[in-house]
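Below is one structure, written out as structure tokens; comments come after it.
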Amino acid sequence: MSEKIDRSWLLESATFSRPVIREIQRAATEGIYDIRGFGAKRSLPTFDDLLFLGASMSRYPLEGYREKCDTSVTLGTRYAKKPITISTPITIAGMSFGALSAQAKEALGRGASEVGTSTTTGDGGMTAEERGHSKLLVYQYLPSRYGMNPDDLRKADAIEVVVGQGAKPGGGGMLLGQKISQRVAAMRDIPEGIDQRSACRHPDWTGPDDLEIKIEELRELTDWQVPIYIKVGATRTFFDVQLSVKAGADVVVVDGMQGGTAATQDVFIEHVGIPTLPATRIAVEALKDMGMHRKVQLIVSGGIRSGADVAKALALGADAVSIGTAALIAMGDNSPEHEAAYNELATSAGYYDDYQDGQDPAGISTQNPDLGARLDPEIAGRRVANYLRCLTLETQTLARACGKTNVHNLEPEDMVALTIEASAMAKVPLAGTDWIAGAGKF
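Residue numbers for the sequence shown follow our numbering, beginning at 70 and rising by one.
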């Protein structure tokens, strides 16, 4: 019988912790960077670091559900002949068919349509299921041009030109061979079963002046009917937003580094970009500097989870938010229902992030027909709709508590910060003071 060893005196290195040691050992064994899905797992400043100042004496709150609080927003009012109006300021972000199953894409369309909002195609083109069940569908135009089809583009209600993504700004997407089924290969005009990497920059332009020409082409292709979005990963946000406006965008989408991905290098996910919190405030400042705030609509995304997140993004000046990872979780991703299957993949519900492998037990991030069949699009769509309703109600509740008859009337003055970092990033006072970090003296 072995003697029990006392390890209480051992001190773990902060620099070379056990996860760091494991990663060094993995890299030394495999000789290639780690690829995974999901988003950043490191601790980052979030909207949780802000609090609302509810109305009491100095401001008058609205009474429960008896007094109206509008949540609708119109996107694309700058140039589009047919801007789109959504009932809730929460949209579904672009997630491709290829990264997701056809059932998952259909479910997203069903859920978004049920509550009167939009969903987005993602890389790889438009599926019949998605278009058929989406009342409002945004067509993504990406550097890869996989699945690019002018006929499908004309069927869209808006076009989103993707310059960057929050999880991997400056980097292209990945779709590993095990997820490139016959149907995916046919839609993207690529070989079946062969790894594919999307380009990190568009082949059609080298700068914002060329992008302006491309946007003109897209407008002519759609007879100036639909809004043109430009999506950027949050990095040099101030300049990227202003250049997007200069290029002719109707809507700018800013994706913070908490945004998810189906597959990219872990080093990208954890070490590139800036959080959604400061990116939102900087994007609003960029629009105000040009006199274009509210004239060009701003959508922010990356780690949006609750109605509180939505309300705080709107209070900082966003017109809407977009969700991706949260929508997958609402459908059933990482559900304890599949715990045994997750264990077989050497992981657990709540930790699963190997979206690139195509073995998702929930049938969401897979092209395996047997796994995909586990996801019922009607049930999953209903879950997405329920989640969107909950987010909307939470957003309204907070707006009413601040005395607002419209969620877009929320403003920075309605909030305080819990930390110096959040105060500096959001430019709101530290709770209990009138001091904004970085903006002056106590």
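Note that the Cβ used here is the ideal one computed from N, Cα and C, for glycine as well.
* Contact under 7 Å by Cβ, Thr186 with Ile155 -> The answer is yes: Cβ separation under 7 Å.
* Would you grab the beta carbon distance between Leu367 and Ala387 for me? Rounded to a whole angstrom, and I think it's under 8 Å. => 5 Å
* To do: Name, in chain order, the residues that DSSP records as bridge partners for Lys300.
  => According to DSSP, which records beta bridges pairwise, Lys300 is partnered with Val231 and Val322.
* Tell me whether His340 is buried or exposed, calling it buried when 16 or more other Cβ atoms sit within 10 Å of its Cβ. => exposed
* Taking 8 Å as the threshold, find out whether the stretch 415-434 comes into contact with the stretch 239-254 through three or more Cβ pairs. => yes
* To do: Taking Glu354 as the reference, give the member of Thr461, Tyr102 and Val314 with the closest Cα.
  => Val314
* **Straight-line gap, Phe511 to Gly501 (C-alpha atoms, nearest Å)** => Per-residue confidence for Phe511 stands at a pLDDT of 49, beneath the threshold of 50, marking its modelled position as unreliable; the derived number appears in the next sentence. Answer to the nearest angstrom: the Cα atoms are 12 Å apart.
* Would you tell me roughly how many angstroms separate the C-alpha atoms of Pro446 and Glu199, rounded to the nearest one? => 11 Å
* Backbone CA spacing between Gly133 and Gln465 [nearest angstrom] -> 10 Å
* **Contacting residues, own chain, Cβ-Cβ under 7 Å from Lys150 (five flanking each side not counted)** => Trp293 and Gln294
* DSSP-derived helix/strand/coil call for Met359 -> If DSSP states are grouped into helix, strand and coil, Met359 belongs with coil.
* Give every residue of the same chain whose Cβ lies closer than 6 Å to the Cβ of Gly178, excluding the five residues on either side of it in the sequence, and list them in chain order. => Apart from the 5 residues on each side of it in sequence, Gly178 sits with its Cβ closer than 6 Å to the Cβ of Thr188, Glu199, His202 and Ser203 in its chain, given in chain order.
* Candidates Leu120, Gly180 and Val301: closest to Pro238 by CA position -> Of the candidates Leu120, Gly180 and Val301, Val301 places its Cα closest to the Cα of Pro238.
* In angstroms with no decimal places, state the Cα-to-Cα distance between Gly360 and Ile351. => 14 Å
* With respect to the alpha helix (DSSP H) encompassing Tyr456, which residues constitute its N-terminal and C-terminal limits? -> Pro446 to Ala470
* To do: Give me whichever residues DSSP pairs with Asp192 in a beta bridge.
  => Under the DSSP definition of a beta bridge, Asp192 lacks any partner.
* Asked: When you compare only the Cα positions, how much space is there between Pro130 and Ala468?
  -> 9 Å
* Name the DSSP bridge partner or partners of Gly163? -> Thr189
* Asked: Over what stretch of residues does the alpha helix (DSSP H) that includes Gly376 continue unbroken?
  -> Gly376 to Ala384
* Give every residue of the same chain whose Cβ lies closer than 7 Å to the Cβ of Asp264, excluding the five residues on either side of it in the sequence, and list them in chain order. => Leu245 and Gly246
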